[in-house]
Every structure is written in C-alpha cells, then in structure tokens.
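**Student:** First, the structure itself, so that you have it in front of you.
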Amino acid sequence: MQFSTKCVHGNGERFKGDATGSVSMPIYQTATYAHAAVGQSTGYDYTRLQNPTREQLEKVVACLEGGLDALAFTSGMAAITALMELFAPGDNIIADCDLYGGSVRLFDNITKKNGVTVTRADLSSQDIAGLIKPDTRAVYIETPTNPMMNVIDIAALAKVTKERGILLIVDNTFLSPYFQNPLALGADVVVHSGTKFLGGHNDALAGFLVVNSKELSERLRFIIKTVGSGLAPFDSWLVLRGIKTLPVRMEKSQKNAQSVVRFLQGEERVVKVYYCGIAGSKGYDITLKQARGFGSMITFEVQSKELALHILKSVKLIRFAESLGGVETLLTYPYTQTHADVPEDVRIANGITDRVLRLSAGIEDDADLIADLQQAFNSFCG
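Okay, so the sequence shown: first residue is 323 according to the numbering used here, each after it adds one.
If you want it as structure tokens, here you go:
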C-alpha cells in the first residue's frame, strides 16, 4: 500500500474486536477488562498495559515508519523519558547540541541525576567517531534540529554507530514519517512528539517510540508497563483521526512554508532565514538524499529584539504560541519559550538569540499568512 492509504487504513488489518462494522476505530474508554475465568484472557487486562484503541494507533505509526513496533505515550517528553530508562548509571549518550529545550532540560536535570552522562556536539558538522567513548551507549539527534534547522546525515551516522554497537536515536518530529523514515536509513529508535504533525490539530498530547528490533520492543514494553505512561484511549483516537489527513496536511503546510520563506528572503529587516528547503543552504543536499520533502518549519532572525517582540504582538491570523505541526500557523519565541531552559552559553552558541523567531506553517491560504506577516513588519516604527 502507498503511504496515504496506510494513513487511512494502517496495515490493512481490521480490528476484530468490534462487530458493528464501525468505520472509525472505537474508543475503548475502559480502565480494565473482565475475564471468563483464570487463564482465559481477552488479550487485554488493564489499560495501563494495553488498550485496543492505543494498540491500533501503535500499529498505524509502526506501519508508517516501517518499524516492527511503536509505543504510544502521554507526550513526546514521556516517550523520551521512558527511552532514557534503557540506560544505567555510568552510561554515556552523545546528543546533538541543538535540540528541543525540553529534551535538554531532561538530559541536564533528570538523566544526569540518574548517573547517565550526556556529551553535546554539533553533529551536523563534527565527526562523531572521535566523541565515542567505551561507555557510550547511544547517539541522540533531531534532523532537522529545533530550532536552527541543522540537517544531520542519518545514514552516515548510522554506519558509525552500528560499527561501534551503539544505538542511534532520531527525533523525526519535524518532518514526520510522511517526509522521512530514519529506520530505513539505519536508525534504531525513532522518536515523535505525536502532539505535532501526527495529531495535527493542536488538541491532543502524545509521543511515540518506534523500533525495528524485537529486543528493544520487549524492553520498552516492560518500561511503559512499569512506569505507566501509555497514551489514554481518547487521545489515541484523536491522533488516529489526525493521521488520516497527514499527507494532505504535510503537502499544504510545506507549500505555505515555501511561500513564507520567499517572502522572508525578500524582507530587508530579516537578517537570515533557516529552512532546509533553501537551495544551496547547509544541509539542503543531505535533505534531498534522505527525505522526500522539506517540511513546514522555518526559523528566521530579524534585525532587533524590539522588532521580534513587535511581530509577536502584532500578528493577527498567525498565533503567538508554543508547539508546531497543527493546522494553524504558529509563531514561537524560542529564547523565552521552547528553549528557555537551555543553558545560556549553549543557546547563544547555537544562534538562539532574542532576535530569532520560529514559524510552523499551517494549512491556511498562503496569501493570508504573508499579508499578516507583512502588516506586522510594516507597523513597526523602530
């Protein structure tokens, strides 16, 4: 089946527990399940372990990423937190230096507290081989990165990690499985904030881990059962519903992003535009090689902090809000929002200044988005 068909029908298997013929997967809003007798299970015991609605969602996401198994969590951060339980005190993780601020906060405060060390490096340009130590157990990246849109060669990195017997973990939130499939490029674990493009409507929190190893699947299944961070039935249904329109949303939002990029490139008060779809930009050729599109995430730097704050206050159609990947276009201020907890020296080194804005293009008409940005720029008197 083609990707769009998989979004609607998953792997083609009908859920056999519903006898009504419901086209929409039912919401099994139950905490527990009754059994006829000892040893006679329905296949479900307690929703913390598994639930039919969540199970169907996991099958769909695994199918889209080409994985053996997918696990659905209460948020992207819940997924990453559970993933860190694979590691023990004394282990080392190499992480790209430009990551979502919540991931950095987790690594610096919780992962470190648990005895796991994290080595930061710019993995879009630095050779990974020289960073690997005897106690290194994993490499953790986003590509494109949040928010500076750096692109990392997944296949090249996977070649090194497989030779050394360490895990390669790729956060694929920005491009979604519609545009990029890291497992096919050699990654071991794919992370998603399902709140973003998979859900697509800014109405549900969710997170995913996708693996193609039976051993990893079993270890993570034990962890999710033990820590109890599995996604609730109703939220599972919301994300299932969102995934059905993932292809059309991704295409439209990418088209809008490209229109916005052209506008920003022509605006004299914009210092720089970061988008992996700009021909000749760093990472452009790698994106062409490993992805099927460029996505809808844009970061741009304006001339002053005052202008950045004015734009955030002045946009009318575009909303000043955290998050991304929904049908609504959102404008975010990483300096005080998504990356506020990133250490100041790291934030500045990455280029996340008080002049930087991040835009997630939605599915509105692109002319309306550009008009809104234009009026915001034009109303600035500084």
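Cβ coordinates follow ideal geometry from the N, Cα and C atoms, glycine included.
Cα separation between VAL482 and ASN503?
**Tutor:** Approximately 18 Å between the Cα atoms of the pair.
**Student:** Can you give the beta carbon distance from GLY605 to VAL473, rounded, assuming they're within the 8 Å contact cut?
**Tutor:** 3 Å between Cβ atoms; contact.
**Student:** Between ARG641 and chain C, is any beta-carbon pair separated by less than 8 Å?
**Tutor:** Annotation note: the requested chain C is absent from the structure, which comprises a single protein chain.
**Student:** For CYS329 versus PRO569, is the C-beta distance shorter than 8 Å?
**Tutor:** Cβ distance < 8 Å, so CYS329 and PRO569 count as in contact.
**Student:** For SER363, which residues of its own chain have a beta-carbon under 7 Å away from its beta-carbon, when the five flanking residues on both sides are left out?
**Tutor:** HIS357.
**Student:** Let me know if LEU520 comes out buried or exposed under the rule of 16 or more other beta-carbons within 10 Å of its beta-carbon.
**Tutor:** Looking at its Cβ environment, which holds 16 or more other Cβ atoms inside 10 Å, LEU520 is buried.
**Student:** Suppose contacts are defined by Cβ-Cβ distances below 8 Å. Is SER682 in contact with MET619 by that definition?
**Tutor:** Contact: yes.
**Student:** Any idea what DSSP makes of VAL461, helix, strand or coil?
**Tutor:** Reduced to three states, the DSSP call for VAL461 is strand.
**Student:** Alpha carbon to alpha carbon, how far is ILE546 from ASP688?
**Tutor:** Going from the Cα of ILE546 to the Cα of ASP688 covers about 41 Å.
**Student:** Considering only DSSP beta bridges, list what ARG442 is partnered with.
**Tutor:** In the DSSP output, where bridge partners are listed per residue, ARG442 has ALA417.
**Student:** Among the residues of its own chain, which have a CB less than 8 Å from the CB of LEU428, if the five just before and after it don't count?
**Tutor:** Excluding positions up to five away in sequence, the list reads MET399, ILE402, THR403, MET406.
**Student:** Given that a residue counts as buried once 16 or more other Cβ atoms are within 10 Å of its Cβ, and exposed if not, what is THR548?
**Tutor:** Exposed, since its Cβ has fewer than 16 Cβ neighbours within 10 Å.
**Student:** Which runs of the alpha helix (DSSP H) fall wholly inside the region 362 to 391 and span at least 4 residues, in chain order?
**Tutor:** Those alpha helix (DSSP H) runs which fall completely within the region 362 to 391 and span 4+ residues are 374 to 387.
**Student:** Keeping to the same chain, check which residues put their C-beta closer than 6 Å to that of ASP314; ignore five residues upstream and five downstream.
**Tutor:** Outside the shown range of the chain (323 to 704) lies residue 314, about which nothing can therefore be said.
**Student:** In the structure shown, what three-state DSSP assignment does SER551 receive?
**Tutor:** Three-state result, SER551: coil.
**Student:** What number of angstroms, rounded off, separates the C-alpha of PHE452 from the C-alpha of ALA417?
**Tutor:** This sequence places Gly at residue 452; Phe is not what is there. Whole-angstrom Cα-Cα distance: 14 Å.
**Student:** If you follow the alpha helix (DSSP H) that SER425 is part of, which residue opens it and which one closes it?
**Tutor:** Looking at the DSSP string, the run of the alpha helix (DSSP H) that includes SER425 is 423 to 428.
**Student:** In the DSSP assignment, find the alpha helix (DSSP H) that holds LEU695 and state where it starts and stops.
**Tutor:** It spans 688 to 700 - the alpha helix (DSSP H) in which LEU695 sits, taken as one unbroken run.
**Student:** How about the region 424 to 440 and the region 661 to 673: do they share at least three Cβ pairs that are nearer than 8 Å?
**Tutor:** Because the criterion of three Cβ pairs below 8 Å is met, the region 424 to 440 and the region 661 to 673 touch.
**Student:** Based on the DSSP output, what are the partners of LEU681 in its beta bridges?
**Tutor:** According to DSSP, which records beta bridges pairwise, LEU681 is partnered with ILE620, LEU653.
**Student:** Could you spell out the range, first to last residue, of the alpha helix (DSSP H) harbouring GLY599?
**Tutor:** That residue, GLY599, is in no alpha helix (DSSP H); it is neither H nor E in DSSP.
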